[in-house]
Amino acid sequence: MTAEKIAKIQAFKGLISAPFTAFKANGELNNDIYPQYVDHLLKQGVKGVFVNGTTGEGVSLTVEERKLVAEGWVKAGKNKLDLIIVQVGANCIKDAKELAAHAEKLGVTGIASLPPLFYKPSTNDHLVAYFKSISDAAPTLPVMLYHIPSYSSVEITLAEFMPKARKAIPNFCGAKFTSTEVRDLLNCHRLPGEPFKVLSGFEEVLLPCLSCGVTAAVGATYSFMGPLALRIMEAFNKGEMEKARKLQSQYLEAVLTLTRHGQGIACYKAVMNILGPIDVGQPRIPMVPLSPEAISSIKEDLKKLKAEEWSKM
6 MTAEKIAKIQ AFKGLISAPF TAFKANGELN NDIYPQYVDH LLKQGVKGVF VNGTTGEGVS
66 LTVEERKLVA EGWVKAGKNK LDLIIVQVGA NCIKDAKELA AHAEKLGVTG IASLPPLFYK
126 PSTNDHLVAY FKSISDAAPT LPVMLYHIPS YSSVEITLAE FMPKARKAIP NFCGAKFTST
186 EVRDLLNCHR LPGEPFKVLS GFEEVLLPCL SCGVTAAVGA TYSFMGPLAL RIMEAFNKGE
246 MEKARKLQSQ YLEAVLTLTR HGQGIACYKA VMNILGPIDV GQPRIPMVPL SPEAISSIKE
306 DLKKLKAEEW SKM
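Just remember that my numbering sits 5 ahead of the position in the sequence shown, which is counted from 1.
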């Protein structure tokens with residue numbers, strides 16, 4: 006089973022949404038949204054989800070809430086989504102292991118984990134030990150590192166870490182690479198032996214990541230800009246580089262414009278709510294919802310950016 010799931014992750018090409026966790030007005034989870042969200046993603050050309058990551062505010066949820074979110078996506082995505090990867094990282098290893106075991110019980114495609122965010126690993130061996138402990142709790146699932154140094158402040162060289170991890174953890178298969186350090190990304194695709202699956206995690210540098218060997222990408226904006234990202238991938242795969250660069254420039258402009266109004270996830274949630282058809286609510290503290298003035302500005306920006314064209318397949 007493990008080998009089959011690793012092969013499934015390795016073979017996946019295309020887009021994976023980092024879905025928003027929807028909250029009601031009282032701050033509690035909106036657990037009714039998953040079926041509609043899955044159908045919306047499929048219409049966007051997105052066939053996988055990376056659950057409880059940064060966009061999903063995973064670190065702001067309780068363990069029980071994270072389980073409920075994972076359960077919602079698995080139930081709604083069954084026989085519809087190609088990949089369901091659940092982020093299980095936590096500062097408390099018992100919490101991380103509990104979430105990993107729960108994900109295995111649900112039958113997800115794989116799990117990923119942030120590194121510890123307070124007692125940070127000082128060496129690759131320390132980080133391997135953390136992942137080995139998580140893997141032991143879910144031995145049949147592929148395991149991936151969620152590498153996002155801009156948030157975690159855990160600076161490692163992925164091309165050095167991954168071979169060490171695989172040697173100690175047979176079901177370790179790759180990483181979500183949310184970084185702009187393309188030299189490391191390129192080296193990840195030059196490693197000897199069985200290739201690792203490295204998922205691009207920053208939409209605004211999708212094209213450079215494709216040129217380094219990436220074939221699949223995870224992103225918050227794929228919930229409402231998926232078709233535009235797919236056009237970048239299509240142009241790259243056809244060798245239409247000038248077209249790919251223009252589309253990537255359009256994507257970068259949109260990201261920079263929309264995130265100037267506040268915290269990134271808060272801005273993207275506002276965009277999701279404006280464009281519809283799903284209302285994902287406000288972000289949870291410590292992220293701060295946008296002011297009414299900021300939301301009005303985003304609406305004007307969406308008109309200038311011609312957001313209606315993003316969904317054209």
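Backbone N, C-alpha and C define an ideal beta-carbon position, used for all residues, glycine too.
Discussion item. Can you find the residues in the same chain that come closer than 8 Å, C-beta to C-beta, to L73, ignoring five residues on each side of it along the sequence?
Written reply: Locating residue 73 in the sequence shown gives position 68, where the first residue counts as 1. L34, N36, listed in sequence order.
Worksheet entry | Start-end ranges of the alpha helix (DSSP H) lying completely within the segment 44 to 82, minimum 4 residues | 68 to 82
Discussion item. If we require 3 or more residues per run, which beta strand (DSSP E) segments fall completely within the segment 219 to 277?
Written reply: 221 to 224
Worksheet entry | Through-space distance from V219 to V203, alpha-carbon basis | Translated into the one-based positions of the sequence shown, residue 203 becomes position 198. Translated into the one-based positions of the sequence shown, residue 219 becomes position 214. Cα to Cα, the separation comes out at about 6 Å.
Worksheet item: Between which two residues does the alpha helix (DSSP H) containing S205 stretch?
Response: Walking along the sequence shown from the start, residue 205 turns up at place 200. S205 -> not in any alpha helix (DSSP H); beta strand (DSSP E) instead, spanning 202 to 205.
Worksheet entry | Cβ-Cβ distance between Y256 and T264 below 9 Å | Start at 1 with the first residue of the sequence shown, and residue 256 comes out as number 251. Start at 1 with the first residue of the sequence shown, and residue 264 comes out as number 259. Not closer than 9 Å, so no.
Worksheet item: Closest to E208 by CA distance: which of A234, L196, E9 is it?
Response: Translated into positions along the sequence shown, residue 208 becomes position 203. Ranking A234, L196, E9 by Cα distance to E208 puts A234 first.
Practice prompt. Return the Cβ separation of F177 and F136 in integer angstroms, given the expectation that the two are a contact with Cβ distance under 8 Å.
Written response: Position 172 of the sequence shown, counting from 1, holds the residue named residue 177. Position 131 of the sequence shown, counting from 1, holds the residue named residue 136. Right, the Cβ-Cβ distance comes to about 7 Å (below 8 Å), so this counts as a contact.
Fill in: CA-to-CA distance, E239 to E258, given in whole angstroms
On the sequence shown, residue 258 is found 253 positions in, with the first residue counted as 1. On the sequence shown, residue 239 is found 234 positions in, with the first residue counted as 1. Between E258 and E239, the C-alpha separation is close to 20 Å.
Discussion item. Is it buried or exposed, G112, if we count other Cβ atoms within 10 angstroms and call 16 or more buried?
Written reply: Along the sequence shown, read from residue 1 onward, the residue named residue 112 stands at position 107. Per the 10 Å Cβ criterion, exposed.
Practice prompt. Give the DSSP-derived three-state secondary structure of F166 in the structure shown.
Written response: Position 161 of the sequence shown, counting from 1, holds the residue named residue 166. Here F166 sits in helix by DSSP.
Item to complete: Report, in whole angstroms, the separation of the C-beta atoms of G50 and L20, which I expect to be a contact under 8 Å.
Response: As a working note, residue 50 is residue 45 in the sequence shown. As a working note, residue 20 is residue 15 in the sequence shown. Between L20 and G50 the Cβ distance is about 7 Å, and since that is below 8 Å, they are a contact.
Item to complete: Just tell me which of K308, K248, Q287, P294 has its CA closest to the CA of L28.
Response: Position 23 of the sequence shown, counting from 1, holds the residue named residue 28. It is worth fixing the name first, because residue 28 is Phe in this sequence and not Leu. Cα-wise, what sits closest to F28 is Q287.
Worksheet item: Any idea what DSSP makes of L215, helix, strand or coil?
Response: Along the sequence shown, one-based indexing puts residue 215 at 210. In this structure, L215 counts as helix in the three-state DSSP scheme.
Worksheet item: I11: which of G269, L212, I38, L146 sits nearest, CA to CA?
Response: Here the question's residue 11 lines up with position 6 in the sequence shown. Ranking G269, L212, I38, L146 by Cα distance to I11 puts L146 first.
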